[in-house]
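Engineer: Quick one: the structure is below, questions incoming.
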Amino acid sequence: MRDLLAISVILLAVVIQSSIVSRIPLLSGTADLPLVMLAAWALQDGVDTMWHWAIAVGLVVGFVSGIPFFVPLLAYLFVVLLARLLQRRVWQTPLLAMFVVCFIGTIFMHVLSLGALRLFGVPLPIGDTLGLLTLPSILLNLLLAVPVYAIMRDLARWMYPAPEFE
Amino acid sequence: MRNIFSRTLQTTIIFLVVGGVIALALGGHFSSASNVFTGSLVNLQTWFSSRFIAVQEFLTAPRDVASLRQRNAELESEVAELQAQVITLQQQVGETEILAALVDFSRANPENTYKAAAVIGRDLSPFLHYVIINRGSNDGILRGMPVVTNQGLVGRVDAVIADAARVQLITDPASNVNVRLQNAETEASLVGSVTGDVTLELISQETNVEAGDLVLTSGLGGGYPPDLIVGQVVNIRTRDFDLFQQATVQPVVDFTRLQIVLVIVNFTPVDITPLFPAP
Chain X
139 MRDLLAISVI
149 LLAVVIQSSI
159 VSRIPLLSGT
169 ADLPLVMLAA
179 WALQDGVDTM
189 WHWAIAVGLV
199 VGFVSGIPFF
209 VPLLAYLFVV
219 LLARLLQRRV
229 WQTPLLAMFV
239 VCFIGTIFMH
249 VLSLGALRLF
259 GVPLPIGDTL
269 GLLTLPSILL
279 NLLLAVPVYA
289 IMRDLARWMY
299 PAPEFE
Chain S
10 MRNIFSRTLQ
20 TTIIFLVVGG
30 VIALALGGHF
40 SSASNVFTGS
50 LVNLQTWFSS
60 RFIAVQEFLT
70 APRDVASLRQ
80 RNAELESEVA
90 ELQAQVITLQ
100 QQVGETEILA
110 ALVDFSRANP
120 ENTYKAAAVI
130 GRDLSPFLHY
140 VIINRGSNDG
150 ILRGMPVVTN
160 QGLVGRVDAV
170 IADAARVQLI
180 TDPASNVNVR
190 LQNAETEASL
200 VGSVTGDVTL
210 ELISQETNVE
220 AGDLVLTSGL
230 GGGYPPDLIV
240 GQVVNIRTRD
250 FDLFQQATVQ
260 PVVDFTRLQI
270 VLVIVNFTPV
280 DITPLFPAP
């Protein structure tokens, strides 16, 4: 049941990213809704399916996008890893952890994309990429972080209700 | 006898007076007096009527407010429905205009066979300039087919599934289109960039390129059919120590507002990669 719901949410996030979020650029950068969603999900207490989500999101995004498929897969696994590490250490300030994961995760995703595309012969200037893509994308992801975190927290509480003590 | 005579005289005088008054009235001699009289009468009636209506409105006001509110709500809901209809019709008009322009374009270029497709999404990565269209291999779309609008070249199909395809735009950093300048009659290479700007490269230093020159596909390399409009030269960068000139091109297609595109389905791209020597 949980995995079925995960697939639905993932597909919905990918569709929204492709049809809406990608059409709202800031300079040349766009927000990465699956990344932010995955970071928020991995930061929730009691959630144990975040690795499944990361692999599923990575494969779906790799299939839909023209970018090499291993780039989103590796980047989303890294985001989950980072989120779990931070969740154990700064669990009292989840929003701070959310911002840190989004910030570092976006940079990791862009560095990986830049490296992979350059490896495949696409001429991408590093200066333009940093100034016109990465920095605006970080800003948009941070703006998206708070509402997405709230939605994923509610979803996690609904899927993983806290045990009641008497 | 005397009484009878006096009554007859009175009646005659009355008739004469009345007849005289009528004759004078018909002759228009009493118009000012009658105007004053009728005007006063009308004013008086207006005064009474307005006071009556005011009193009637005062007495029936609560009932009317309720009915008016109900009527207002009905009209507001009707207005909302009509506004929704107007928006829907405006969208349909916009789509119809686009389709009409595309039909005109296909009629003007009968040598090609087109398949219309709607743009349903963009690539998830900001590094790439791709769009996703709602036609795939079930509709005869194949990898490498050129994609155009009535304005000019959009790109070419990069990947296909059954009911959708991914189109690489000419603004993509990995895109490379062989073009020719119509006025200068020279060939060059059009490349995209991460910002979406397109640049002409490999223009020889001897070529005289001017702003406003039209850029068309050359057909060289077999990737695109020849003579598709790509854009116009905006400015030229010439440096003595460079081997080639560079020029910035303004594409004729507005890639931010792509809604419907045409795939040229009767064009088979030529794969010339086997002709290149292996490293």
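First to last, the protein sequences are chains X and S. Each residue of the first sequence is one higher than the last, beginning at 139 in the working numbering. Each residue of the second sequence is one higher than the last, beginning at 10 in the working numbering. By construction, the Cβ of each residue, glycine as well, lies at the ideal position given by its N, Cα and C atoms.
Measure the CB-CB distance between residue 157/X and residue 129/S and report whether it falls below 8 Å.
Structural biologist: Yes, the Cβ-Cβ distance between residue 157/X and residue 129/S is below 8 Å.
Engineer: Note down, in chain order, every chain B residue with its Cβ under 9 Å from the Cβ of residue 225/S.
Structural biologist: Within the model displayed, chain B is absent; protein chains X and S are what it includes.
Engineer: So, helix, strand or coil for residue 203/X, using DSSP?
Structural biologist: Coil, per DSSP.
Engineer: Listed from N- to C-terminal order along the chain, which residues in the segment 196 to 227 of chain X have their beta-carbon within a distance smaller than 7 Å of any beta-carbon of chain S?
Structural biologist: Residues 199, 202, 203, 204 and 205.
Engineer: When you compare only the Cα positions, how much space is there between residue 245/S and residue 195/S?
Structural biologist: Roughly 15 Å between the two C-alpha positions.
Engineer: Do we get a CB-CB distance below 8 Å when we pair residue 243/X with the residues of chain S?
Structural biologist: Residue 243/X does not count as touching chain S.
Engineer: Would you decide whether residue 248/S is buried or exposed? Buried here means 16 or more other CB atoms lie within 10 Å of its CB.
Structural biologist: Burial call: exposed.
Engineer: Does any residue of chain X have a CB that is nearer than 8 Å to the CB of residue 183/S?
Structural biologist: Chain X contact via Cβ: present.
Engineer: Do residue 126/S and residue 143/S have their beta-carbon atoms positioned less than 8 Å apart in this structure?
Structural biologist: Yes.
Engineer: Taking C-alpha atoms, which residue in 271/S, 276/S and 284/S lies nearest to residue 113/S?
Structural biologist: Nearest of 271/S, 276/S and 284/S to residue 113/S, Cα basis: 271/S.
Engineer: Would residue 167/X pass as an interface residue toward chain S - the criterion being a Cβ-Cβ separation below 8 Å?
Structural biologist: Yes - at least one Cβ of chain S is within 8 Å of the one on residue 167/X.
Engineer: Could you pull the start and end residues of the alpha helix (DSSP H) that residue 275/X belongs to?
Structural biologist: Its alpha helix (DSSP H) spans residues 273 to 297.
Engineer: Per DSSP, what kind of secondary structure is residue 235/S in: helix, strand or coil?
Structural biologist: Coil at residue 235/S, not helix or strand.
Engineer: Alpha carbon to alpha carbon, what distance is there between residue 248/X and residue 131/S?
Structural biologist: Looking at the two C-alpha atoms, the distance is approximately 18 Å.
Engineer: Taking beta-carbon pairs under 8 Å, can you tell me which members of the segment 125 to 154 of chain S lie near chain X?
Structural biologist: Answer in chain order: 129, 130, 131, 132, 133, 134, 135, 136, 137, 139 and 141.
Engineer: Taking its Cβ as the centre, do 16 or more other Cβ atoms sit within 10 Å of residue 56/S, making it buried, or is it exposed?
Structural biologist: The residue is exposed, with fewer than 16 neighbouring Cβ atoms inside 10 Å.
Engineer: For residue 257/S, which option in 206/S, 266/S, 234/S and 279/S has the closest C-alpha, if you only look at C-alpha atoms?
Structural biologist: Minimum Cα distance to residue 257/S is reached at 206/S.
Engineer: Just checking my contact of residue 152/X with residue 199/X at CB under 8 Å: how many whole Å lie between their CB atoms?
Structural biologist: 6 Å between Cβ atoms; contact.
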